[in-house]
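If you want my numbering, it's the position in the sequence shown, counting the first as 1, plus 816. Glycine residues also receive a C-beta, built at the ideal position from the N, C-alpha and C atoms.
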Amino acid sequence: MALIEARNLTLPNRLAGVSLALSPGEMLGVIGPNGAGKSSLLQSLAGLLPVEGEIRLAGIPLHSLTSVERARQIGYLPQFCDSAWTLAVEEIVALGRLPWRDRNAAAIREAMRETGIEAMAKKGIDRLSGGEQARVWLARVLAGTPRLILADEPAASLDLNYQAKIMDTLRQHAFGSRGVILAIHDLALAARYCDRFCLLKQGRIHAFGPPEAVLTEAALSEAFDVPIHVDLAHSPPIILPT
């Protein structure tokens, strides 16, 4: 059974008949040019937008779940995160337990361990670099122990070291009964981690499948409206405009 399945998702001026499914243990990369509908798709799958169509989470209609039930199963990491208060790192991570109405110390510690932020536990979020903050926000999501993580550009604007740490953590989460769907602009980085890809163009699926079927020069050049060179055999993969 699919971890999450979407059928004919439609949102005026954003999505047009998008259908996809994510299997347990899988990491799916949502790619495409700016304005293609990547963020709208993730927000729809999280139940945050009034989209038309059908979404099922482990076979259960998403609309039949309460907001608390959804939050326990789906962890949503938006593209931009901020704190209105100068909270300590461990306090922010603990907020991930809100859907469970507890403060599970073991889950919080494990989330901080997975993201490598244990040493920052007592620091204020305002004292951290952008890359360090990105790991804190991801740890908050992980503390909720969701089966599915939806991450919108989790590695954007980070240096190579932090990109790898974030992507490694997401890859580790996509194991067993869990899965990850992420929107990502860095195609070469995505090619190293994702099992399958959903290539969007103007709110529609332009290509869907494994890297070798989606990350082709023809498909990417058509979607991005620029000639693109692809060499997936190279380590790391090379995907560049020509």
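In the structure shown, the three-state DSSP call for G947 is helix. Cβ-Cβ distances below 7 Å link G833 to N824, T826, R1020 in the same chain, with the five nearest sequence neighbours on each side left out; the list follows chain order.
Cβ neighbours of A927 within its own chain (closer than 7 Å, five residues either side excluded): V909, G912, A955, L958, A959. Cβ-Cβ distances below 6 Å link E870 to R823 in the same chain, with the five nearest sequence neighbours on each side left out; the list follows chain order. The continuous stretches of alpha helix (DSSP H) do not include M843, which lies in the beta strand (DSSP E) extending over residues 843 to 847.
In the DSSP assignment, E1038 falls within the unbroken alpha helix (DSSP H) covering 1033 to 1040. For P1027, the enclosing alpha helix (DSSP H) starts and ends at 1027 to 1030.
The shortest C-alpha to C-alpha distance from I847 to any of S1051, P1043, A1006 is the one to A1006. For A921, the uninterrupted alpha helix (DSSP H) segment begins and ends at 921 to 931.
Counting along the chain, T826 sits inside the beta strand (DSSP E) bounded by residues 820 to 827. The Cβ atoms of H989 and I965 lie closer than 8 Å to each other. Take the alpha-carbon of R1012 and the one of L893: they are about 20 Å apart. When DSSP states are grouped into helix, strand and coil, S860 belongs to the helix group.
Counting only residues of its own chain and dropping the five nearest sequence neighbours on each side, L865 has a CB closer than 7 Å to the CB of L827, S856, Q859.
Its Cα nearest to that of A837, the residue E821 stands out among G851, A923, E821. Taking 8 Å as the upper bound for CB-CB distance, A904 and A937 are in contact here, some 7 Å apart. Remark: C-beta atoms of P840 and I890 do not approach each other more closely than 8 Å.
With respect to the C-alpha of F896, the residue from D918, S945, P970, D1041 having the closest C-alpha is P970.
In the three-state DSSP reduction, D1002 falls in the coil class, being neither helix nor strand.
In the structure shown, V867 falls within a coil segment according to DSSP collapsed to helix, strand and coil.
In this structure, T902 sits near I941, with a CB-CB distance shorter than 8 Å. A check of alpha carbon separations from A1029 across C1010, A900, K854, K981 identifies C1010 as the nearest. Rounded to whole angstroms, the separation of the alpha carbons of V996 and A900 is 28 Å. When rounded, the separation of the alpha-carbon atoms in G1025 and G845 is 10 Å. Under the 10 Å beta carbon count, R917 is surrounded by fewer than 16 other beta carbons and is classified as exposed.
Under a 10 Å Cβ-count criterion, M817 is classified as exposed, with fewer than 16 other Cβ atoms of the shown protein chains found around its own Cβ.
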